[in-house]
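Structure first, then comments.
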Amino acid sequence: MANKINKGEWSELYVFLSVLATGKLFAADEDLNKMEDVYYTVLKAINQVEKTDSEYLRDTNRNVIVIYNNGTHKLSIPISEFVKHAPLVLEGIRNGKGRSFEIPEIESFLETILLDKIKAPSDSKKDLVFQVHDEYTGLTPNVGFSVKSYIGGEPTLVNSSGATVFTYQTSKSFPTSFEAEVNAINTPSKIKDRIQKIYEKQIHLNYSQVSSQIFHRNLQMIDFRLPEILSYLVLSSYFVKGKRMPEVVKYYSEKYEEDRELIEHKIKDFLVATALGMEPNTIWNGLEDANGGYIVVKNDGEILCYHIYDRNKLRSYLYNHTKFDTPSTGRTGSGMLESIEDGGMFKLSVQIRFEK
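Under my numbering, think of the first position of the sequence shown as 42, with each following residue one higher.
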């Protein structure tokens, strides 16, 4: 059966084939530019699907990829075939229609190399696993990488869901007529306009809780105050043009009289944790699942990596190249004012997207 998967999953396959073709994962600087003299040397790729562990070993002496299934040698394929087929995946991604699509041109090659699928478990940030030569230690560990692709659009870092909803308590009660008036606002910027309407009545929105206790705990694993801080950043983002992370942090720090450097540090920690291990719906132990680093596929198909050793570059990249998004309100019920016995509630969901 032909693979019908989304852009992100096809991008993982593109990285898989491309890295086996070249044997290198080049590092990026803070602005996603290639660093020619810094790279991982990739020895093999490892694909674990259900009960099958497949290894794709680069044999540079014979210029072939040697394929093993559960330790048994199956076949050898010329590296030139990986060089030939990787661009077909890139072109297929660019031409793909809809959320999920097929790339017929690649299917026969996937059958040849015994690759049924390359999708990681949904609770894992580890999209791909490579064995690399670690120049810092001289060791050859198996390390996991998270993959994000800019091909065809800006990817998300944090997706809005029922787990990522923040609840705010109003500073005072209000008549039901005002509730109806606020919720009736249906402008293109309706969430911002609803919040502004609430503010015009001298009503403040104070952080109350996170919808998911798991997400709340995960945020506190990073910093005990992070649930509150992130909630106010989401709220502040609606009043910052472009919603870029640095500008939202600046606005929030000034409005709430916070130490901007401290807030920036905490948010960088949050972004790195989200990129490498933390999921809102899964209890997190503070460890990084993607222990090799972070792979980015640029819109032109160039593949770059933030090595786990160069954490500061990854922190700066994530901070300076992400923005708050305005997610759909229908799925989470956010953006609505609701009167309750001792005042009122307003909900907002966080979604964070990369920007070019």
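The beta carbon of each residue, even a glycine, is placed where N, CA and C say it ideally should be.
Per DSSP, cross-strand counterpart(s) of residue i
{"i": "proline 119", "result": "Val105"}
{"i": "threonine 334", "result": "The residue you asked about is not threonine; residue 334 is glycine in the sequence shown. Paired residues: Phe186 and His348."}
{"i": "lysine 388", "result": "Thr208"}
{"i": "tyrosine 81", "result": "Leu66"}
{"i": "threonine 228", "result": "In DSSP, threonine 228 forms no bridge with anything."}
{"i": "aspartate 94", "result": "Gln89"}
{"i": "valine 173", "result": "Val83"}
{"i": "lysine 75", "result": "Ala69"}
{"i": "tyrosine 248", "result": "Tyr209"}
{"i": "glutamate 379", "result": "Met386"}
{"i": "aspartate 100", "result": "Val105"}
{"i": "phenylalanine 365", "result": "Ile393"}
{"i": "asparagine 110", "result": "Ser95 and Thr113"}
Coil, strand or helix - residue i by DSSP
{"i": "valine 124", "result": "helix"}
{"i": "lysine 45", "result": "coil"}
{"i": "tyrosine 471", "result": "Outside the displayed span of the chain (42 to 397) sits residue 471, for which this structure offers no information."}
{"i": "serine 214", "result": "coil"}
{"i": "asparagine 259", "result": "helix"}
{"i": "threonine 315", "result": "helix"}
{"i": "arginine 140", "result": "coil"}
{"i": "valine 61", "result": "Position check: residue 61 holds leucine in this sequence, whereas valine was assumed. DSSP places leucine 61 in helix when its eight states are reduced to three."}
{"i": "glutamine 243", "result": "coil"}
{"i": "aspartate 310", "result": "helix"}
{"i": "phenylalanine 280", "result": "coil"}
{"i": "leucine 198", "result": "strand"}
{"i": "arginine 285", "result": "strand"}
{"i": "asparagine 326", "result": "coil"}
{"i": "asparagine 353", "result": "helix"}
{"i": "isoleucine 154", "result": "coil"}
{"i": "lysine 238", "result": "helix"}
{"i": "serine 4", "result": "Outside the shown range of the chain (42 to 397) lies residue 4, about which nothing can therefore be said."}
{"i": "leucine 180", "result": "coil"}
{"i": "lysine 339", "result": "coil"}
{"i": "glutamate 320", "result": "coil"}
{"i": "tyrosine 191", "result": "coil"}
CB of residue i within 9 angstroms of CB of residue j, strictly
{"i": "valine 173", "j": "isoleucine 87", "result": "no"}
{"i": "aspartate 70", "j": "lysine 354", "result": "yes"}
{"i": "leucine 312", "j": "isoleucine 393", "result": "yes"}
{"i": "tyrosine 248", "j": "serine 272", "result": "yes"}
{"i": "valine 130", "j": "proline 119", "result": "no"}
{"i": "valine 184", "j": "glycine 333", "result": "yes"}
{"i": "arginine 99", "j": "leucine 84", "result": "yes"}
{"i": "isoleucine 263", "j": "methionine 286", "result": "no"}
{"i": "isoleucine 46", "j": "serine 141", "result": "yes"}
{"i": "proline 368", "j": "serine 375", "result": "yes"}
{"i": "isoleucine 270", "j": "glutamate 299", "result": "yes"}
{"i": "lysine 388", "j": "serine 230", "result": "no"}
{"i": "isoleucine 154", "j": "tyrosine 97", "result": "yes"}
{"i": "glutamate 320", "j": "asparagine 259", "result": "yes"}
8 angstroms contact criterion, which residue i and residue j should meet: CB distance rounded
{"i": "tyrosine 109", "j": "serine 95", "result": "7 angstroms"}
{"i": "threonine 211", "j": "leucine 246", "result": "6 angstroms"}
{"i": "tyrosine 80", "j": "alanine 68", "result": "6 angstroms"}
{"i": "leucine 359", "j": "alanine 316", "result": "6 angstroms"}
{"i": "glutamate 148", "j": "alanine 62", "result": "So it is not a contact: roughly 18 angstroms between Cβ atoms."}
{"i": "alanine 331", "j": "phenylalanine 186", "result": "6 angstroms"}
{"i": "threonine 93", "j": "lysine 65", "result": "About 27 angstroms separates the two Cβ atoms, so there is no contact after all."}
{"i": "tyrosine 279", "j": "isoleucine 232", "result": "6 angstroms"}
{"i": "glycine 446", "j": "lysine 213", "result": "There is no way to answer for residue 446, as the model of the chain reaches only from 42 to 397."}
{"i": "aspartate 234", "j": "isoleucine 226", "result": "5 angstroms"}
{"i": "lysine 75", "j": "glutamate 343", "result": "7 angstroms"}
{"i": "asparagine 322", "j": "isoleucine 255", "result": "6 angstroms"}
{"i": "valine 289", "j": "arginine 301", "result": "The pair is not a contact, with the Cβ atoms about 11 angstroms apart (cut-off 8 angstroms)."}
{"i": "serine 117", "j": "valine 338", "result": "With 8 angstroms as the limit, serine 117 and valine 338 do not qualify as a contact, their Cβ atoms being about 27 angstroms apart."}
{"i": "glycine 318", "j": "glutamate 305", "result": "At roughly 21 angstroms, the Cβ-Cβ gap does not stay under 8 angstroms, so glycine 318 and glutamate 305 are not in contact."}
Inset, instruction - Count the CB pairs spanning the region 189-203 and the region 131-143 that are closer than 8 angstroms, and state whether there are at least three. - result: In this structure the region 189-203 touches the region 131-143; the number of beta carbon pairs closer than 8 angstroms is three or more.
Inset, instruction - Report yes or no: do the region 347-363 and the region 215-232 share at least 3 C-beta pairs separated by less than 8 angstroms? - result: With the cut-off at 8 angstroms, the region 347-363 and the region 215-232 do not touch.
Inset, instruction - Answer yes if the region 361-371 comes into contact with the region 381-396, meaning at least three C-beta pairs across the two stretches below 8 angstroms, and no otherwise. - result: Contact check between the region 381-396 and the region 361-371: three or more CB pairs, one atom from each, fall below 8 angstroms, which counts as touching.
Inset, instruction - Determine contact between the region 373-383 and the region 337-349, defined as no fewer than three beta-carbon pairs at a distance below 8 angstroms. - result: Cβ pair count under 8 angstroms is below three, so no.
Legend entry - the region 111-126 / the region 205-213 touching (three or more Cβ pairs under 8 angstroms): The way I'd put it, the region 111-126 doesn't touch the region 205-213; fewer than three beta-carbon pairs between them come closer than 8 angstroms.
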